[in-house]
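Count along the sequence shown from 1, add 4, and you get the number used in the numbering used here.
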Amino acid sequence: YAAPVDGSGWSAELAAVEAALCECVRVRSAALDLEAARDFTAKLEQLCDQYAHAACCALEGVEVPAAHHRRLLAWFGGRPALRSERVSAEMLYALSPEVTAQVKLVEHCGPQLAAVLRGELDHTSVLFPGGSLDLLRPVYEGGLLAELYNACVVVAVRAVVAQLERRGGVHALEVGAGTGGTAAGVL
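This is how it looks when you write it as structure tokens:
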């Protein structure tokens, strides 16, 4: 049992939630090619490292104004050396066409990283061009892992709600600041 959620003495039966989550993960994982997903993720990270390396090179000898940007730049500098094999967005599109949203995000943001770190561009204008969610929404709503995680959240919430309904009702308050990708499935 979990601790009371609202001080009323109600507690969730976590075993029921855990069982529902285990089944969700089992079913969803069986539908995934985990080896291909690992390969794709490693190559996507390599593409990100290439952009980070390029940003570090572009910033050599340049004052980075914001302290949090300096810390990020220091972290980039501590990353392992780039592998000799270069990864391109085209390679990733060919490798895993169902996860193009992540590649598009990296393709869009990567070349602008140095300008963000220099303070010439605001990171939110890069992530949300023209105030639009169009670049991020597909990552959070339709991305391969996002679909798995969102399905797990929905299953967990349904398991808890089923218990709450037996005890007298449910009120929901969504607190978020993203694209609504997870909340869409829950609500």
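Beta carbons are placed, not taken as given, at the ideal position from N, Cα and C, and that holds for glycine.
As for any beta strand (DSSP E) of minimum length 3 sitting wholly inside the region 56-104, there is none. A Cβ-Cβ separation of about 5 Å places residue 189 in contact with residue 158 under the 8 Å criterion. Using a 10 angstroms sphere on the CB of residue 61, the tally of other CB atoms stays under 16, which defines it as exposed. In this structure, residue 123 sits away from residue 175, with a CB-CB distance that is not shorter than 9 Å.
The shortest CA-to-CA distance from residue 90 to any of 120, 67 and 49 is the one to 49. For residue 28 against residue 155, the beta-carbon gap comes to about 6 Å, under 8 Å, which counts as contact.
An exposed status is given to residue 36, since fewer than 16 other beta-carbon atoms sit within 10 Å of its beta-carbon. Less than 9 Å divides the Cβ of residue 17 from the Cβ of residue 167. Taken through DSSP and simplified to helix, strand or coil, residue 135 comes out as helix. Between residue 170 and residue 24, the CB-CB gap reaches or exceeds 9 Å.
Cα atoms of residue 113 and residue 106: separation of roughly 11 Å, rounded to the nearest angstrom.
Looking from the CA of residue 81, the closest CA among 53, 129 and 87 belongs to 53. In this structure, the straight-line span from the alpha carbon of residue 85 to that of residue 57 is close to 9 Å. For the options 51, 88 and 138, the alpha carbon positioned closest to that of residue 111 is the one of 51. Membership of residue 23 in the alpha helix (DSSP H) is indicated by the continuous run 18-34. DSSP, reduced to helix, strand and coil, places residue 171 outside both helices and strands of the structure shown, so it counts as coil. Look at residue 151 here: in three-state DSSP terms it is helix.
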